[in-house]
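Under full-length UniProt numbering, the first residue of the sequence shown is numbered 1, with each subsequent residue one higher.
Working notes, beginning with the structure itself.
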Amino acid sequence: MSSANTLAAPAADLYQSWQALRHEQPRLRAREAAAQLGVSEAELTASRLGVDARRLRPDWAELLPALGSLGHVMVLTRNEHCVHERKGLYREVSVAASGQMGLVVSADIDLRLFLGGWASVFAVAEETAKGTQRSIQVFDQQGVAVHKVYLTERSELSAWQPLIERFAGEQSAELQLLPPPVAPARKADAEIDSQALRDGWAKLQDTHHFFALLKKHEVARTQALRLAGEQWAQPLATSELTVLMEQAAAREVPIMVFVGNRHCIQIHTGPVHNLRWMDSWFNVLDPDFNLHLQTRGVVELWRVRKPSVDGVITSLEAFDADGELVIQLFGARKPGMAERDDWRELAESLPVLA
Numbered sequence: 001m002s003s004a005n006t007l008a009a010p011a012a013d014l015y016q017s018w019q020a021l022r023h024e025q026p027r028l029r030a031r032e033a034a035a036q037l038g039v040s041e042a043e044l045t046a047s048r049l050g051v052d053a054r055r056l057r058p059d060w061a062e063l064l065p066a067l068g069s070l071g072h073v074m075v076l077t078r079n080e081h082c083v084h085e086r087k088g089l090y091r092e093v094s095v096a097a098s099g100q101m102g103l104v105v106s107a108d109i110d111l112r113l114f115l116g117g118w119a120s121v122f123a124v125a126e127e128t129a130k131g132t133q134r135s136i137q138v139f140d141q142q143g144v145a146v147h148k149v150y151l152t153e154r155s156e157l158s159a160w161q162p163l164i165e166r167f168a169g170e171q172s173a174e175l176q177l178l179p180p181p182v183a184p185a186r187k188a189d190a191e192i193d194s195q196a197l198r199d200g201w202a203k204l205q206d207t208h209h210f211f212a213l214l215k216k217h218e219v220a221r222t223q224a225l226r227l228a229g230e231q232w233a234q235p236l237a238t239s240e241l242t243v244l245m246e247q248a249a250a251r252e253v254p255i256m257v258f259v260g261n262r263h264c265i266q267i268h269t270g271p272v273h274n275l276r277w278m279d280s281w282f283n284v285l286d287p288d289f290n291l292h293l294q295t296r297g298v299v300e301l302w303r304v305r306k307p308s309v310d311g312v313i314t315s316l317e318a319f320d321a322d323g324e325l326v327i328q329l330f331g332a333r334k335p336g337m338a339e340r341d342d343w344r345e346l347a348e349s350l351p352v353l354a
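Here is the structure:
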């Protein structure tokens, strides 16, 4: 994917340093290479301009629906400890008039997009031992990867180049990155009106209103779980997370698997089958859904119950050492439907942490 533009010297130097590192560690992924080189993954990707990457215009309202022309794709969203990969069609895309929010709700690809933090986007066509790997890669204002879309052997390859030409932007490696946002100061448990929090929790009508409840009471998510009382939240041993997934597979209970970061949440709905451990990584390796969970990153696990107009909704929520959500599991359901009995039985069977 060549370009007439020539890289500025710092980007060219970074690219050469990266190639030297890849020669030493051929299996090193871009995310890990960026960390070793002391740059963001977006900067590393920008260093490829004129080699195998093109920078695109971050016109999300136009670009996201246009991804449907690529046909069958694989979408990837991750956080520090978990990678979620789902294959399907990038269709049923909507972007709010404000430009801050977006949705993808096709039968297979299900996304919640928080576009206010999206900053740069690149098309990459990398030569690999298996052939050319083509992808659209989105990064946030800190240069962290938010969301990636990969072509598959079933994609509409003829749509790739027209898409790139349509959205090609200025081929500049300059990104104007911002420092990470400062985390809000957390209140001590004693400063929280726990009874008011529990009363508000009991009155929830929709699981999507939970974030507003946390914001109203200025309470962190894991803190709210601690203060909610065992009617609504119970701590579990972290090992129970994979136990539940293994039992869901064995009993063929369809589940919803939510994995996200600050700017994108990706959801798989359906059964899971082919589960594999690789060292401390727990993996789902199904034809259309792959999950890679670094179990060492999970330090808290909670069984959470939230009331709704459809009845109580039960989830498992896993958190890392910073209190960030790593993965959420629900029983497969749609709005207007009650929770599945087989999912609730399975989730409620897990013993509470002693």
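We put the beta carbon where it would ideally sit given N, CA and C, even for glycine.
Between residue i and residue j, which are expected to be in contact by the criterion C-beta below 8 Å, what is the C-beta distance as a whole number of angstroms?
i	j	result
G323	N79	Contact doesn't hold; Cβ gap of about 13 Å is too wide.
L175	A46	6 Å
V257	H268	4 Å
Y150	V73	6 Å
T238	V298	5 Å
L163	L244	Going by Cβ atoms, the distance from L163 to L244 rounds to 40 Å, so no, they are not a contact pair.
K216	G229	Wrong, their Cβ atoms sit about 18 Å apart, outside the cutoff.
S17	L37	6 Å
V219	I192	5 Å
G117	L89	G117 to L89, Cβ: 25 Å. No contact.
R276	L285	6 Å
G270	D310	Their Cβ separation, rounded to whole angstroms, is 20 Å, which puts G270 and D310 out of contact at 8 Å.
Q142	P184	The Cβ separation is near 17 Å, so there is no contact.
Per DSSP, what kind of secondary structure is residue i in: helix, strand or coil?
i	result
L350	coil
S135	strand
T238	coil
G331	strand
R344	helix
G88	strand
M337	coil
V253	coil
D140	strand
H217	coil
E324	coil
G38	coil
H72	strand
R22	helix
E191	helix
A212	helix
G311	coil
A11	helix
S17	helix
Where does residue i land, buried or exposed, given buried means 16+ other C-beta within 10 angstroms?
i	result
L178	exposed
Q137	buried
M278	exposed
K306	buried
F330	buried
Q205	exposed
S315	buried
G131	exposed
T6	Because T6 sits at a pLDDT of 44, beneath the cut-off of 50, its placement in the model cannot be relied upon, and the following sentence gives the value as read from the coordinates. So T6 ends up on the exposed side.
V272	buried
A107	exposed
A212	exposed
Q133	exposed
H208	exposed
S223	The amino acid at residue 223 is misidentified as Ser; the sequence shows Gln. Classification for Q223: buried.
D110	buried
G50	buried
R48	buried
D189	exposed
K148	buried
A96	exposed
Taking the continuous alpha helix (DSSP H) assigned at residue i, which residues delimit it?
i	result
I267	Taken as a continuous stretch (DSSP letters only), I267 belongs to no alpha helix (DSSP H), being part of the beta strand (DSSP E) at 264-270.
W60	60-66
residue 362	With the chain running from 1 to 354 in the structure shown, residue 362 is simply not present.
L175	Element bounds for L175: n/a, residue is neither H nor E.
L28	Neither: L28 is in no alpha helix (DSSP H) and is coded neither H nor E.
L163	160-167
For the beta strand (DSSP E) holding residue i, just list the boundary residues, first then last.
i	result
R112	110-114
A196	Element bounds for A196: not the beta strand (DSSP E) but the alpha helix (DSSP H), 194-202.
E230	Element bounds for E230: n/a, residue is neither H nor E.
L301	300-306
L291	289-294
E126	118-128
K148	145-155
V93	93-95
Measuring from the CB of residue i, is there a heavy atom of the ligand GTP at a distance below 8 Å?
i	result
R251	Among the components modelled here there is no ligand, and therefore nothing to report on the ligand GTP.
Could one say the Cβ of residue i lies closer than 9 Å to chain C's Cβ atoms, at least one of them?
i	result
L285	Here chain C cannot be found, since the structure has a single protein chain.
query = Is there contact between the region 114-129 and the region 36-51, where contact requires at least three CB pairs shorter than 8 Å?
reply = yes
query = Do the region 82-90 and the region 286-295 meet, that is, are 3 or more Cβ pairs less than 8 Å apart?
reply = yes
ask   = Counting pairs of Cβ atoms below 8 Å between the region 225-242 and the region 297-309, do you hit three or more?
value = The region 225-242 vs the region 297-309: in contact.
inquiry  = With three or more C-beta pairs closer than 8 Å as the rule, is the region 95-104 touching the region 344-353?
reply    = no
query = Per the contact definition of three or more C-beta pairs closer than 8 Å, is the region 51-69 in contact with the region 163-171?
reply = yes
inquiry  = Taking contact to mean 3 or more Cβ pairs, one atom from each stretch, closer than 8 Å, check whether the region 21-29 and the region 140-156 are in contact.
reply    = no
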